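What follows is a short report on a single structure.
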Amino acid sequence: EDEDGATVPSRSRRRRGGPAAARARSPPNPPVPAPSDDGAECVTAAAYQERGPPSTCNDVHGLAFVGSDLHDVSYLTSGGFRSVFVVDFLGGEGGEETAIVKTHRMGKDFSEKYLGKSQLDVLILGEAGGGADAGSPDDDGDQSGRGGSNVLSVWQYCAFTSVSPYATSGTLADYVGEYGGDLTPAEMYDLSLQAARGLARSHLHRPDGVATFAHADVKPPQFLLFDRGDGRTPEVRLNDFNRGRLLGYDPGRRRACPFRLCGVKHNGSTYRSPEEYMSCADQDDRIDVYALGGVIYFIVTGGLRPWHYTSFKRATGRILDGETSAYPGDEGYGGDDDDTHGRSGGRGGKGRGGGER
Numbered sequence: 026e027d028e029d030g031a032t033v034p035s036r037s038r039r040r041r042g043g044p045a046a047a048r049a050r051s052p053p054n055p056p057v058p059a060p061s062d063d064g065a066e067c068v069t070a071a072a073y074q075e076r077g078p079p080s081t082c083n084d085v086h087g088l089a090f091v092g093s094d095l096h097d098v099s100y101l102t103s104g105g106f107r108s109v110f111v112v113d114f115l116g117g118e119g120g121e122e123t124a125i126v127k128t129h130r131m132g133k134d135f136s137e138k139y140l141g142k143s144q145l146d147v148l149i150l151g152e153a154g155g156g157a158d159a160g161s162p163d164d165d166g167d168q169s170g171r172g173g174s175n176v177l178s179v180w181q182y183c184a185f186t187s188v189s190p191y192a193t194s195g196t197l198a199d200y201v202g203e204y205g206g207d208l209t210p211a212e213m214y215d216l217s218l219q220a221a222r223g224l225a226r227s228h229l230h231r232p233d234g235v236a237t238f239a240h241a242d243v244k245p246p247q248f249l250l251f252d253r254g255d256g257r258t259p260e261v262r263l264n265d266f267n268r269g270r271l272l273g274y275d276p277g278r279r280r281a282c283p284f285r286l287c288g289v290k291h292n293g294s295t296y297r298s299p300e301e302y303m304s305c306a307d308q309d310d311r312i313d314v315y316a317l318g319g320v321i322y323f324i325v326t327g328g329l330r331p332w333h334y335t336s337f338k339r340a341t342g343r344i345l346d347g348e349t350s351a352y353p354g355d356e357g358y359g360g361d362d363d364d365t366h367g368r369s370g371g372r373g374g375k376g377r378g379g380g381e382r
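Written out as structure tokens, the structure is:
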């Protein structure tokens, strides 16, 4: 499972230096695509893979966590190797502004492994999330500072620390879990389309359509939501790329070079593709497309996880057999495994309707 379970970043326009100035600086140890595991000839697929993420260390060091510039700093959550803080600034346009600061978790070694994960996360946020001055994805002229795609943007970065917008409406998992029973088909479509666009953007395709990155951990909590007002469904932005893989390019076969993740602990997740439940199977960006299907299932069922009506062991067996999760009302929904329904989680969050569905 991903090393960083913190999937929460919002609105701050307070930036010192900004992305444009940062791009001129070259960070040490940029992430590079891993060699192919299937013997293919692999070359760098895109220039950004060698460039690495922009660094604005002086600006990050200027973010005092204690002092008159800040209204409040509060701890939010921690993942496998990072802790997340909410920072409320004073004196911005319209008053208070809020940002998320992800930084290294106390008690974890400052190792090359974790530095590489932090760099990878920020690299994709910067490349796919767009600059902080870009408009919102629906081109409505909203200069929100959140970037111009359905991928989260990053404002500042230095080594193990990054600053990003704070998700004003939480995560897709929480939102659908709370309001799923009341969502209209149009709202479900809107959320699903935004999630799909965010994933497509994060793959950073080459001009020939070949993906150069795979997220490898697509599920509802990874999508952050931002309020758009006027009763509209929130903006959806994909986040948390530290578990992903930069993909090399195989010029002979004109495709992405596959990679393998061996010995992964899935911790009960049923969003993954069959290859991810196999031992060291070849994988590429298509595992994300499969997982997106599970995210859309979650949305249109009002908060049910794929295979919620059976045990994880039985679910993975069926996934490996090529089956897909049934929908409520489908023939065979639950089947012989209905007795496990209540124990296997049912809804993915706090539902309004109550009870299991």
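Taking this note's numbering, I'd label the letters of the sequence shown as residues 26 to 382. For glycine and all other residues, C-beta sits at the position ideal for the given N, C-alpha and C. Computed from a predicted structure; not experimentally measured.
- Counting C-beta atoms within 10 angstroms of its own C-beta, H240 has 16 or more neighbours from the protein chains shown and is therefore classed as buried.
- In this chain, the alpha helix (DSSP H) harbouring S217 covers 210-227.
- Per DSSP, L197 is one residue of the alpha helix (DSSP H) stretching across 197-204.
- One thing to note: R130 has its Cβ no nearer than 9 angstroms to the Cβ of S99.
- Pairwise C-beta distances place the segment 258-272 in contact with the segment 222-231, as three or more of them are shorter than 8 angstroms.
- Between the segment 268-278 and the segment 331-347, the count of Cβ pairs shorter than 8 angstroms is below three; the stretches do not touch.
- For the beta strand (DSSP E) assignment, the uninterrupted runs of no fewer than 3 residues enclosed by the segment 231-319 are, from N- to C-terminal side, 248-251, 260-263.
- K127 carries a strand assignment under DSSP once its states are collapsed to helix, strand and coil.
- Apart from sequence neighbours up to five positions away, the residues of its chain that approach I149 with a beta-carbon distance below 7 angstroms are S227, F238, F266, G269, ordered along the chain.
- Contact between P246 and T193 fails: their C-beta atoms lie close to 16 angstroms from each other, not under 8 angstroms.
- For T341, the enclosing alpha helix (DSSP H) begins and ends at 337-345.
- The residue from V111, S143, V85 with its alpha-carbon nearest to that of G77 is S143.
- In the three-state reduction of the DSSP assignment, L177 falls in the coil class.
- If you check the CB distance, Y200 and L250 come in under 9 angstroms.
- Taking C-beta atoms as the reference points, I324 and L229 fail to come closer than 9 angstroms.
- With 16 or more neighbouring CB atoms inside 10 Å of its own CB, G151 falls in the buried class.
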